[in-house]
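Take the working numbering: the last position of the sequence shown gets the number 273, and nothing is skipped along the way.
Quick reminder that beta carbons are idealized off the backbone N, C-alpha and C, glycines included.
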Amino acid sequence: MQEIGTAHPAEKIAVLDFGGQYAHLIASRIRRLGAYTEIEFPDSFDRAKASRYRGVILSGGPESVYEAGAPSMDPAILDAGIPVLGICYGHHLMMHTLGGKVQASGSREYGSARIQWNGDPDRRGVFRSLPDGAVVWMSHGDEVEGLPEGFEVLGSTPDCKFAALGDTSRNLYSIQFHPEVSHTEIGDELLSRFIEVCD
């Protein structure tokens, strides 16, 4: 992995800003892990622009994907052949865009939870070999209720069945929790593995 500031400009990860402080926190954490990153805005970011990056992160945001006027994105980004990681709002947006189901949860979940991983530890893509029982930080009022074709549940918490999802064949991943905050014990490991997947 290259040191901060030494990556070639073409070897970069885009962070799409869907509101709040999330995108800047994610970009800061990615840079501290040694990868070049740029913040982009979804209304001017399409498949052609995505193809200039090695990967894309869909950030969190304060809105609900199913509400009129909620921030969206070019669906073709998810078919650009590059790894994509959706975080919180980005998690919901990826599911919603690909035909999954997102709805308001019975109660807003805010705080720590412990994640349990599913399946073969070496076949979970960016979640490979992460430890069971690690603390992750939740902050959401909506939740995924149905998955698009090709996705599987790779991690769950006691109150969130769809905490970590993936279509590993396409390198599309999404998570309900926030890896960019210090409260998530495995945040750096997860983001580092996404950087590796982005080559």
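(request) Using a threshold of 7 Å, state whether the C-beta atoms of residue 89 and residue 111 are closer than that. (result) Within the sequence shown, residue 89 is the residue found at index 15, counting from 1. Within the sequence shown, residue 111 is the residue found at index 37, counting from 1. Yes, Cβ-Cβ distance for residue 89 and residue 111 is below 7 Å.
(request) On a CA-only basis, which of 187, 136, 220 is nearest residue 162? Give me that one, please. (result) As a working mapping, residue 162 is identified with position 88 in the sequence shown. Each of 187, 136, 220 was checked against the Cα of residue 162, and the nearest Cα belongs to 136.
(request) Check the DSSP bridge columns for residue 234 and list the partner residues they point to. (result) Within the sequence shown, residue 234 is the residue found at index 160, counting from 1. Its beta-bridge partners are 231.
(request) Report the partner residues of residue 246 according to the DSSP bridge assignment. (result) The residue you call residue 246 lines up with position 172 of the sequence shown. Paired residues: 158, 241.
(message) The alpha helix (DSSP H) that contains residue 271, what's its start and end?
(response) Within the sequence shown, numbered from 1, the residue matching residue 271 stands at position 197. Residues 261-271.
(message) Quick check: residue 215 and residue 175, are their CB atoms within less than 7 Å of each other?
(response) In the sequence shown, counting from the first residue as 1, residue 215 sits at position 141. In the sequence shown, counting from the first residue as 1, residue 175 sits at position 101. Not a contact, by the Cβ cut-off of 7 Å.
(message) Under 8 Å: do the region 154-168 and the region 182-189 share three or more Cβ pairs, one atom per stretch?
(response) The region 154-168 vs the region 182-189: no contact.
(request) Report yes if the C-beta distance between residue 129 and residue 100 is below 7 Å; otherwise report no. (result) Position 55 of the sequence shown, counted from the first residue, corresponds to residue 129. Position 26 of the sequence shown, counted from the first residue, corresponds to residue 100. Their beta carbons are not under 7 Å apart, which means residue 129 does not touch residue 100 by this criterion.
(message) Less than 7 Å between the C-beta atoms of residue 199 and residue 231, yes or no?
(response) Locating residue 199 in the sequence shown gives position 125, counting from the first residue. Locating residue 231 in the sequence shown gives position 157, counting from the first residue. Taking 7 Å as the cut-off, the beta carbon of residue 199 is found no closer than this to the beta carbon of residue 231.
(message) My assumption, with CB atoms under 8 Å, is that residue 109 sits in contact with residue 269. Please give the rounded CB distance.
(response) Along the sequence shown, read from residue 1 onward, the residue named residue 109 stands at position 35. Along the sequence shown, read from residue 1 onward, the residue named residue 269 stands at position 195. Contact flag correct, Cβ pair sits at about 5 Å.
(message) Going by C-alpha to C-alpha distance, which of 173, 91, 95, 152 sits closest to residue 223?
(response) Looking up residue 223 in the sequence shown gives position 149. The shortest CA-to-CA distance from residue 223 to any of 173, 91, 95, 152 is the one to 173.
(request) Following the continuous alpha helix (DSSP H) through residue 212, name the residue where it begins and the one where it ends. (result) For the purposes of this step, residue 212 is identified with residue 138 of the sequence shown, where counting begins at 1. Counting along the chain, residue 212 falls outside any alpha helix (DSSP H), though it belongs to the beta strand (DSSP E) covering 208-220.
(request) Drop a sphere of 10 angstroms on the beta-carbon of residue 237, count the other beta-carbons inside from all chains shown, and report buried for 16 or more, exposed for fewer. (result) Counting from one through the sequence shown, the residue named residue 237 turns up at place 163. So residue 237 ends up on the buried side.
(request) With hydrogens ignored, establish whether the beta-carbon of residue 157 is closer than 6 Å to any heavy atom of the ligand NAD. (result) Absence of the ligand NAD from the depicted structure is noted, as is the absence of any ligand whatsoever, leaving it without description.
(message) Our contact map puts residue 154 next to residue 124 with C-beta atoms below 8 Å; I'd like the distance itself, whole angstroms only.
(response) As a working mapping, residue 154 is identified with position 80 in the sequence shown. As a working mapping, residue 124 is identified with position 50 in the sequence shown. About 5 Å; that satisfies the 8 Å criterion.
(message) Once DSSP output is grouped into helix, strand and coil, what is the label at residue 139?
(response) The residue given as residue 139 occupies position 65 in the sequence shown. Residue 139: coil per DSSP, three-state reduction.
(message) Measuring straight from C-alpha to C-alpha, what distance separates residue 146 and residue 256?
(response) Along the sequence shown, read from residue 1 onward, the residue named residue 146 stands at position 72. Along the sequence shown, read from residue 1 onward, the residue named residue 256 stands at position 182. Rounded to whole angstroms, residue 146 to residue 256 spans 28 Å at the Cα level.
(request) Count the other C-beta atoms from every protein chain shown that fall within 10 angstroms of the C-beta of residue 273, then say buried if there are 16 or more, exposed otherwise. (result) For the purposes of this step, residue 273 is taken as the residue at position 199 of the sequence shown. Residue 273 should be labelled exposed.
(request) Per DSSP, which residues does residue 151 bridge with? Please list them. (result) Taking the sequence shown and counting its residues from 1, the one referred to as residue 151 is at position 77. Residue 151 pairs with nothing; no bridge assigned.
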